[in-house]
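The listed protein sequences correspond, in order, to chains H and E.
Residue numbering for the first sequence follows this note's numbering, beginning at 159 and increasing consecutively.
Residue numbering for the second sequence follows this note's numbering, beginning at 159 and increasing consecutively.
Where is the CB? At the ideal position from N, CA and C, for every residue including glycine.
Values in this document were obtained by computation on a predicted structure and should not be read as measured data.
2 protein chains.
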Amino acid sequence: MDKAEYNAFLSACPSHKLLERISGKWVALILSALGSGPDCAGQPRAMRYSELSRLLAGVSQKMLTQTLRSLERDGLITRTVVATVPVTVSYELTELGLSLFTMMRGLKLWAQTHMDDVFTNRVAYDNASA
Amino acid sequence: MDKAEYNAFLSACPSHKLLERISGKWVALILSALGSGPDCAGQPRAMRYSELSRLLAGVSQKMLTQTLRSLERDGLITRTVVATVPVTVSYELTELGLSLFTMMRGLKLWAQTHMDDVFTNRVAYDNASA
DNA sequence: TAGGTTACGCACTCAAAGGTGCCTACTTCC
DNA sequence: GGAAGTAGGCACCTTTGAGTGCGTAACCTA
Chain H
159 MDKAEYNAFL SACPSHKLLE RISGKWVALI LSALGSGPDC AGQPRAMRYS ELSRLLAGVS
219 QKMLTQTLRS LERDGLITRT VVATVPVTVS YELTELGLSL FTMMRGLKLW AQTHMDDVFT
279 NRVAYDNASA
Chain E
159 MDKAEYNAFL SACPSHKLLE RISGKWVALI LSALGSGPDC AGQPRAMRYS ELSRLLAGVS
219 QKMLTQTLRS LERDGLITRT VVATVPVTVS YELTELGLSL FTMMRGLKLW AQTHMDDVFT
279 NRVAYDNASA
């Protein structure tokens with residue numbers, strides 16, 4: 159079958175693996191928060207679990223924990239437990255995570271300048287076929 | 159609820175919409191094929207349906223058609239029917255699609271230089287917790 | 001003593017993405 | 001006459017990403 163060959167190809171493709179990595183629903187949001195602060199326009203800084211939870215209004219606790227774990231697993235962020243009164247946990251971008259965040263700004267730039275065109279084309283296409 | 163606010167936020171975020179657009183399983187592969195030829199190292203050129211089908215070994219006819227349609231809908235590729243003996247169809251990147259392809263080369267570059275680190279971290283993490 | 005906060009874990013559920021198989025209409029080749 | 005290629009459509013099924021709800025262990029406050 160072609161399936162084995164195809165799976166081998168996809169598994170070996172770095173671009174595809176990167177897309178799988180960053181296309182999670184909350185990944186880009188978390189990287190953006192840790193990379194440029196709550197206002198999305200500042201400096202990278204560490205954030206606490208509850209701070210992220212409040213910032214990303216709508217994220218479930220499960221998904222936040224799950225996404226943070228997977229990012230830590232891949233060495234993109236660090237997780238440090240702080241022995242405060244109730245135990246708090248702090249998350250911060252690693253060097254690798256910061257470089258990924260920087261790369262994603264190029265993506266963001268393209269999105270901001272071209273996505274309107276895409277959606278204009280989309281409605282035009284839908285109108286034409288209707 | 160926060161849900162409405164959150165949905166409005168995600169719907170308005172161009173980066174997130176772009177990620178949704180390109181994270182389909184076959185999108186990057188098709189753009190890459192049309193943008194740099196079958197060997198992934200040449201010039202952009204038009205390709206026929208069956209040519210793409212053979213190149214992307216493993217893609218189902220349904221998914222190929224579906225993905226090509228959605229890319230055409232968004233103005234990223236053009237679809238032209240050629241009146242040959244059996245009717246053939248030719249697909250080609252538009253200017254917008256070409257600019258997207260160019261942007262994705264930055265992504266590809268990051269992937270090629272850093273994804274190995276990511277997977278190294280991943281297995282180290284898994285070994286540590288096992 | 002009851003209740004709230006912090007940072008989760010676990011079980012269940014649901015919707016969407018993706019895959020499989022079967023069908024078409026036309027033509028040319030064997 | 002039958003097989004094969006070209007570009008799909010349609011119905012069904014499975015897998016996976018994401019969401020919901022409930023429980024926890026520690027501590028503090030009222």
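Using CA coordinates, which residue listed in E:197, E:212, E:231, E:171 is at the minimum distance from residue 252 of chain E?
-> E:231
Check whether the Cβ of residue 270 of chain E lies closer than 8 Å to any Cβ atom in chain H.
-> yes
What residues in its chain sit with their C-beta under 6 Å from that of residue 276 of chain H, if we drop five residues either side in the sequence?
-> none
Would you report the Cα separation of residue 105 of chain H and residue 193 of chain H, rounded to the nearest angstrom?
-> Any property of residue 105 of chain H remains undetermined from this structure, which presents chain H solely from 159 to 288.
Sheet register partners of residue 207 of chain E (DSSP bridge) = Paired residues: none, contrary to the question.
Delimiting residues of the alpha helix (DSSP H) encompassing residue 281 of chain E = 253-287
Test: residue 247 of chain H CB closer than 8 Å to a CB of chain E = no
Given a cut-off of 8 Å, decide if residue 176 of chain E and residue 297 of chain E are closer than it, judged by their beta-carbon atoms.
-> With chain E represented from 159 up to 288, any question about residue 297 of chain E goes unanswered, as that position is not in the structure.
Candidates E:179, E:238, E:273, of which the one nearest residue 257 of chain H by Cα = E:273
Can you tell me whether residue 171 of chain H is buried or exposed, with buried defined as 16 or more other CB within 10 angstroms of its CB?
-> buried
Report the partner residues of residue 142 of chain E according to the DSSP bridge assignment.
-> Nothing in the structure corresponds to residue 142 of chain E, since chain E is present only between 159 and 288.
Amino acids of chain H, ordered along the chain, whose beta-carbon sits closer than 7 Å to that of residue 220 of chain E | Simply none; closest approach about 15 Å.
Three-state secondary structure (DSSP) of residue 220 of chain E | helix
For residue 173 of chain E, which option in H:221, H:259, H:196, H:224 has the closest C-alpha, if you only look at C-alpha atoms?
-> H:259
At least one CB of chain E closer than 8 Å to the CB of residue 210 of chain H: is that the case?
-> no
What residues in the segment 226-244 of chain H bring their beta carbon closer than 7 Å to a beta carbon of chain E?
-> 231, 232, 233
Sequence-distant residues of the same chain with beta carbon closer than 7 Å to residue 225 of chain H, five excluded per side = 182, 184, 185, 188
Would residue 241 of chain E be called buried (16 or more neighbouring beta carbons within 10 Å of its own) or exposed?
-> exposed
Partner residues on chain E for residue 172 of chain H, Cβ-Cβ distance less than 7 Å = 269, 270, 273
Measure the beta-carbon distance from residue 255 of chain H to residue 222 of chain H and round it to whole angstroms, keeping in mind my assumption that it falls under 8 Å.
-> At roughly 16 Å, the Cβ-Cβ gap does not stay under 8 Å, so residue 255 of chain H and residue 222 of chain H are not in contact.
Looking at residue 229 of chain E and the ligand NAD, is the gap between the Cβ and the nearest heavy atom below 7 Å?
-> The ligand NAD is absent from the structure shown, which contains no ligands of any kind.
Going along the chain, which residues of the segment 182-201 of chain H sit with their C-beta nearer than 7 Å to a C-beta in chain E?
-> 186
is_contact[residue 207 of chain H, chain E] using C-beta, thresh 8 Å | no
Are any of the Cβ atoms in chain H nearer than 8 Å to that of residue 279 of chain E?
-> yes
Residues that residue 213 of chain H contacts on chain E, provided the C-beta gap is smaller than 7 Å | The contacting residues do not exist; residue 213 of chain H stays about 11 Å from chain E at best.
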